[in-house]
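4 protein chains.
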Amino acid sequence: MNSEKIKISIIGATGYVGAELVKGFVNHPYAEIIHLTSQSFAGKKYSEIYPVFKGVCDVTLEEGDYVQIAKDSDLVITALPHGVSSKTVPVLLENGTRVIDHSGDFRYKNLATYEKSYKLEHPHPELLKEAVYGLPEFYREELRTARLVANPGCYPTCSLIALAPFLTQGLIKADSIIINAVSGVSGAGRKSDLAYAFCETDEAFKPYGAVGHRHTTEIAEQCGFLSEKSGREVVKAVTFTPHLAPFKRGMLASIYVKPDESFADVSSGKINEVYQEFYKNETFVRVLEGKALPDVKSVYGSNYINVNGMYDPETDMIKLFSAQDNLGKGAALQAIQAANCMFGLPEGTGLKNVVRGV
Amino acid sequence: MNSEKIKISIIGATGYVGAELVKGFVNHPYAEIIHLTSQSFAGKKYSEIYPVFKGVCDVTLEEGDYVQIAKDSDLVITALPHGVSSKTVPVLLENGTRVIDHSGDFRYKNLATYEKSYKLEHPHPELLKEAVYGLPEFYREELRTARLVANPGCYPTCSLIALAPFLTQGLIKADSIIINAVSGVSGAGRKSDLAYAFCETDEAFKPYGAVGHRHTTEIAEQCGFLSEKSGREVVKAVTFTPHLAPFKRGMLASIYVKPDESFADVSSGKINEVYQEFYKNETFVRVLEGKALPDVKSVYGSNYINVNGMYDPETDMIKLFSAQDNLGKGAALQAIQAANCMFGLPEGTGLKNVVRGV
Amino acid sequence: MNSEKIKISIIGATGYVGAELVKGFVNHPYAEIIHLTSQSFAGKKYSEIYPVFKGVCDVTLEEGDYVQIAKDSDLVITALPHGVSSKTVPVLLENGTRVIDHSGDFRYKNLATYEKSYKLEHPHPELLKEAVYGLPEFYREELRTARLVANPGCYPTCSLIALAPFLTQGLIKADSIIINAVSGVSGAGRKSDLAYAFCETDEAFKPYGAVGHRHTTEIAEQCGFLSEKSGREVVKAVTFTPHLAPFKRGMLASIYVKPDESFADVSSGKINEVYQEFYKNETFVRVLEGKALPDVKSVYGSNYINVNGMYDPETDMIKLFSAQDNLGKGAALQAIQAANCMFGLPEGTGLKNVVRGV
Amino acid sequence: MNSEKIKISIIGATGYVGAELVKGFVNHPYAEIIHLTSQSFAGKKYSEIYPVFKGVCDVTLEEGDYVQIAKDSDLVITALPHGVSSKTVPVLLENGTRVIDHSGDFRYKNLATYEKSYKLEHPHPELLKEAVYGLPEFYREELRTARLVANPGCYPTCSLIALAPFLTQGLIKADSIIINAVSGVSGAGRKSDLAYAFCETDEAFKPYGAVGHRHTTEIAEQCGFLSEKSGREVVKAVTFTPHLAPFKRGMLASIYVKPDESFADVSSGKINEVYQEFYKNETFVRVLEGKALPDVKSVYGSNYINVNGMYDPETDMIKLFSAQDNLGKGAALQAIQAANCMFGLPEGTGLKNVVRGV
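Chains as they are written, first to last, in the numbering used here: chain A, 193 to 550; chain B, 193 to 550; chain C, 193 to 550; chain D, 193 to 550.
In structure tokens form, the structure reads like this:
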């Protein structure tokens with residue numbers, strides 16, 4: 193790492209993901225924020241939108257000249273809606289910057305799956321092949337030289353980290369994956385919407401998008417890639433149900449899978465061992481000990497993801513659990529982890545702050 | 193119904209279930225509270241423990257002479273820990289009262305399953321046969337003359353109401369039941385325990401008892417009885433995982449099951465039709481319309497339980513959802529519904545109050 | 193009371209006040225709902241807007257023909273914005289119904305104060321004189337025959353109930369009143385507004401409208417009327433600051449006043465005695481005992497208001513506290529209490545349900 | 193600052209203040225944690241008590257040999273109950289370390305006030321004179337060489353920062369101070385106590401300790417010192433009422449004071465100017481602009497304190513508002529700010545992390 197700081201710009205900086213990115217880069221020793229853009233709040237100081245940043249990040253929001261931004265920046269992070277990213281990112285790339293995109297527009301390798309899931313035609317399908325799926329735990333080599341990184345969805349990150357050790361080793365049945373996941377309210381974004389009003393959300397809990405949520409196919413495609421490594425059956429589809437819970441940040445996946453016959457002497461202890469071994473060199477995947485189970489509180493505000501699993505002999509079922517902060521490992525902080533990979537920094541740079549969630 | 197009020201006593205009246213019972217009977221036009229007991233707070237007025245009841249229920253708590261209470265009461269409701277109920281209830285019965293018990297002590301027909309699940313020897317196994325499982329939707333005939341009613345567990349109620357139409361008609365595979373359930377914090381009871389302190393519970397979410405939670409076997413036994421009616425495969429075990437969520441009251445079950453081959457043209461619409469038909473005469477089971485999904489907010493403070501389901505053709509999976517108030521239909525108000533059955537009253541008597549959960 | 197039910201219509205029925213009114217009247221033994229109106233949701237069933245009411249109130253919302261509604265109804269309750277009520281209420285009155293209005297439009301006797309506070313010209317100032325301020329504790333005689341009732345604001349109700357015993361007896365200095373009040377989020381109404389989004393409101397707490405909040409002059413005018421009865425100094429103005437707290441329902445006023453020289457041997461005990469004596473015949477004002485202090489939890493979902501006070505000898509300051517449900521005694525349930533007065537029913541009719549706020 | 197890190201030990205490290213200290217020092221570039229002690233959890237890893245720290249702080253908790261700890265540490269921070277600190281701190285000082293104490297035991301200059309407020313005899317009154325009150329904004333010179341620092345109470349910090357500009361310049365009447373303050377639940381500490389259980393605290397709000405709360409005299413003594421600087425009337429007592437609100441962290445003070453005749457042309461604008469001028473060089477006191485009012489959300493997890501004020505001409509009353517994180521500026525992070533002063537570091541060292549409170 194050299195002494196010069198990485199020049200970072202964020203397009204769409206005033207959503208909750210944007211705010212978490214700003215928080216992260218303000219605390220990052222080798223990065224500096226160059227441009228922050230916002231369609232709605234251009235001309236205002238960032239700390240007028242988020243008063244918590246007063247004195248910490250008072251950068252003035254710009255409407256955004258993407259050509260200039262690309263030229264000024266080593267890395268541009270886009271937090272734009274899908275369908276908008278697919279048009280904006282190519283402009284940035286053409287002007288010589290590297291990009292991490294938060295939308296679903298570059299997460300798929302299979303164009304048809306993307307177009308079916310998002311009900312959109314992709315204007316730049318050639319970029320799907322180039323884009324690196326930004327899960328550093330599985331793609332860190334590719335990230336080093338990536339020009340375009342597709343930051344994974346929050347639910348996919350939580351699901352894939354929990355499933356990967358078992359998929360890559362063929363320890364579970366490829367057609368048995370059921371993911372029951374729960375997200376905090378910030379996952380819905382920063383917007384005026386009665387559905388997310390305090391009085392409507394507090395003391396509420398509900399499933400949504402129970403069939404056909406977009407993250408289903410993103411999870412399935414990546415599960416496919418992971419299971420290919422096992423040389424056994426390849427995952428083609430998964431059952432996935434998201435739920436909305438009355439907390440601001442956090443995500444928990446409770447996953448039900450059938451052990452493969454090849455999983456010798458499956459037990460809760462063995463499941464834990466598989467995790468411990470698989471993630472022993474990872475900075476941000478924390479395998480809990482014994483029968484301790486993941487809790488969203490224990491990852492609050494951080495880039496950590498906690499995992500553990502159990503085996504139920506009564507029904508021959510494996511239960512896997514993972515917890516992350518949906519804005520942290522599930523979005524903005526994972527993007528910073530990927531950025532660290534892209535610029536040759538230790539992955540934990542600027543990310544070891546732990547936020548007590550008292 | 194005659195003009196004389198049903199004389200009700202509650203043993204263990206100061207827990208959250210007790211408070212919900214008191215609330216319910218205070219509002220009940222044909223019941224009156226005779227004795228309220230508490231080991232910890234005997235001698236105090238009920239409204240000193242729950243100030244919200246000041247002027248509404250100022251009954252003085254007694255330590256409790258069970259013989260006298262039985263003699264004074266038409267119905268005694270026990271909200272005692274398991275292992276205590278099994279010793280107390282027989283005394284009450286012997287002294288001529290009818291009883292609704294909230295513990296797990298009389299919920300099982302199979303003694304061995306009880307003793308394994310609760311790790312206790314049962315002092316009065318002969319009562320297991322007599323006890324009626326207090327789900328009015330399935331056992332209302334038996335309730336009319338029941339001397340002893342075992343009020344179902346909260347998770348079992350939520351699970352069984354969701355599953356029953358499909359189990360009794362053999363529409364789902366008996367060995368495929370996965371129940372992912374979420375409870376509000378009041379389910380843990382009223383106690384001084386750091387685990388349920390505000391700062392530890394707010395903005396937290398976690399699974400617990402992930403293998404071997406006691407309600408697993410209670411659900412499985414009742415699923416067995418329901419599936420027997422179908423003349424097809426009988427349920428022997430279920431996969432069940434409870435979670436703790438940061439709201440005070442409410443419970444949601446998200447259930448994953450495989451359709452049986454006999455479920456012709458399974459679809460989301462068909463699932464809804466099955467529910468509509470099965471529960472068309474029920475007062476408290478509300479089948480939502482179309483793709484509306486149950487939410488704990490919509491049953492807050494009430495005896496209602498909302499259900500609906502969907503079919504995922506990608507994975508050939510049925511998803512069933514049910515939401516109830518864990519203290520309402522999941523405990524105290526369901527006991528009042530059962531009491532109405534026991535005393536020949538319309539089931540909705542005193543229970544149609546809807547509490548807006550704004 | 194006769195056997196015929198009071199015919200009630202609610203104009204603006206889909207806000208939180210409307211929902212609390214519907215809840216209240218559904219539970220009321222001598223009232224029936226005739227019309228419910230909504231500009232935004234006309235044509236939908238009430239239970240589509242509030243699913244909790246499914247099976248309880250499935251009335252279809254109407255856009256509203258005010259002439260017809262007036263003719264069909266014994267009582268119309270308007271939950272409309274100020275400036276709209278002042279035009280709508282006269283139409284209702286002219287067509288022969290009685291009205292309880294929830295806006296600020298008919299709460300003032302002094303026209304100039306209204307027009308300055310609301311920055312509006314009043315189209316029917318003649319009605320200000322006729323309108324009865326709907327605090328049954330002080331105006332129950334006038335309510336019996338009232339044609340038009342102005343339901344008090346939430347903050348005024350909470351403040352006036354706490355202050356009245358001392359004002360009417362001249363026990364406090366008229367120019368010393370400081371009211372620091374806190375409201376739950378439902379006080380802001382049911383709307384899509386980022387300021388009241390879950391992620392913006394949870395774990396937040398702030399003052400607002402710190403100078404010039406409209407309720408300031410409403411409180412001051414009524415304090416003036418109450419203090420006139422003492423034959424001593426008359427209140428002309430009060431210091432008032434509202435705050436927004438992260439709970440859905442509830443309101444607490446913490447009031448600081450200087451004792452008048454005439455308050456002999458002022459002490460915490462004496463303050464409690466004044467309250468006990470003054471409110472000894474009231475159904476809904478609960479004077480707490482000893483040093484117990486009001487808490488919003490203890491009035492949740494009810495029409496009760498809890499009060500108590502203390503004296504600080506170090507600074508010769510009286511502290512008065514009152515807690516109510518801002519939608520209950522602070523709005524809709526107080527309107528039902530007033531309606532009971534208007535129709536000669538016991539004030540507690542349909543209002544003694546206690547909602548446990550576990 | 194030299195390259196060697198400051199050796200820090202924390203006595204009583206497992207409470208919420210302890211956890212915030214650990215978080216702070218883990219992120220501090222020039223400090224390292226040497227010993228963490230706990231009576232209840234000695235032998236366990238810190239991350240077993242707070243799983244969020246797994247991989248971040250896995251230090252093993254010790255019961256604590258205070259002599260050894262003192263010898264090993266440049267600075268010992270004690271988070272002990274009052275009455276325990278007064279006996280422990282002298283042992284630490286005698287063994288050559290510097291100390292920041294979080295209890296009330298060394299905050300007073302007037303022994304009698306301490307003994308009356310805490311109902312304890314002080315075993316080492318000679319230390320009261322030596323101890324520096326750890327508000328860097330007022331005592332930073334004294335902190336540089338301090339051997340013993342008494343970290344201020346949370347309510348006093350919030351109150352004094354708001355009042356200081358007006359007290360030191362004699363702009364308000366010394367006998368008119370009324371402080372209405374609200375704290376999050378973490379202020380009650382980490383303990384098993386039904387009063388702070390989720391179900392008892394959520395959707396609740398109440399005053400407590402309404403007369404005679406210990407912080408009253410701490411505030412009054414420091415107000416006295418500040419007002420002495422004005423050469424005008426000296427504060428002798430203040431009216432103070434704390435309240436408990438349903439959020440985990442945060443504190444807001446709403447303060448009512450009468451302007452002194454010397455406050456020329458008092459207005460909201462003038463009040464803001466006084467703040468801007470007085471705190472223009474402070475890192476952590478943020479004076480809001482215009483009519484923006486402090487909110488606990490905007491200081492969440494930080495060492496910042498936000499202030500602003502308004503003037504109400506109707507009642508000639510000044511309202512001052514301040515918001516801080518009760519565990520941040522109100523406790524642990526302020527202690528780190530003081531430690532920075534003690535060791536010659538810029539005050540903001542390690543403290544500029546902003547925690548987004550989404």
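Ideal Cβ placement from N, Cα and C applies to all residues, glycine included.
Quick one: what does DSSP say residue i is sitting in, helix, strand or coil?
{"i": "B/PRO282", "result": "helix"}
{"i": "D/PRO399", "result": "strand"}
{"i": "D/GLY540", "result": "coil"}
{"i": "C/LYS321", "result": "helix"}
{"i": "B/ARG478", "result": "strand"}
{"i": "D/ASN194", "result": "Residue placement at D/ASN194 is flagged as unreliable, the pLDDT there being 47, under the threshold of 50; the coordinate-derived value follows with that caveat. DSSP places D/ASN194 in coil when its eight states are reduced to three."}
{"i": "A/ALA527", "result": "helix"}
{"i": "D/ALA389", "result": "strand"}
Assign residue i to buried or exposed, taking buried as 16 or more other Cβ atoms, counted over all protein chains shown, within 10 Å of its Cβ.
{"i": "C/ASN532", "result": "buried"}
{"i": "B/THR229", "result": "buried"}
{"i": "A/MET193", "result": "Bear in mind that a pLDDT of 42 at A/MET193, under 50, signals an unreliable position, so the number given afterwards is only what the model happens to contain. A/MET193 comes out exposed."}
{"i": "B/ALA304", "result": "exposed"}
{"i": "C/SER454", "result": "exposed"}
{"i": "D/ALA456", "result": "exposed"}
{"i": "A/THR289", "result": "buried"}
{"i": "B/GLN516", "result": "buried"}
{"i": "D/ASN473", "result": "exposed"}
{"i": "D/GLU318", "result": "exposed"}
{"i": "A/GLN361", "result": "buried"}
{"i": "D/GLY536", "result": "exposed"}
{"i": "A/ARG559", "result": "Here chain A covers residues 193 to 550 and nothing more, so residue 559 of chain A does not appear."}
Excluding the 5 residues preceding and the 5 following residue i in the sequence, name in chain order all residues of the same chain whose CB lies nearer than 6 Å to its CB.
{"i": "C/VAL458", "result": "PRO451 and TYR503"}
{"i": "B/VAL466", "result": "PRO357"}
{"i": "D/PHE233", "result": "THR206, ILE241 and LEU253"}
List the DSSP bridge partners of residue i.
{"i": "B/HIS227", "result": "B/SER201"}
{"i": "C/THR305", "result": "Its beta-bridge partners do not exist; DSSP assigns none."}
{"i": "B/ASN500", "result": "B/PHE513"}
{"i": "A/ILE371", "result": "A/PHE432 and A/ILE447"}
{"i": "B/ARG441", "result": "Beta-bridge pairing links B/ARG441 to no other residue."}
{"i": "C/GLU254", "result": "C/THR229"}
{"i": "B/ARG562", "result": "There is no way to answer for residue 562 of chain B, as the model of chain B reaches only from 193 to 550."}
{"i": "D/LEU340", "result": "D/VAL291"}
Leaving out five residues on either side along the sequence, give the residues of the same chain with a beta carbon under 8 Å from the beta carbon of residue i.
{"i": "D/GLY247", "result": "SER239"}
Cβ atoms of residue j and residue i: under 8 Å apart, would you say?
{"i": "D/VAL491", "j": "D/GLY520", "result": "yes"}
{"i": "B/GLU372", "j": "A/ASN464", "result": "Note that residue 372 of chain B is Asn in the sequence shown here, rather than Glu. The answer is no: Cβ separation not under 8 Å."}
{"i": "D/THR270", "j": "D/ILE370", "result": "no"}
{"i": "C/PRO486", "j": "C/VAL499", "result": "yes"}
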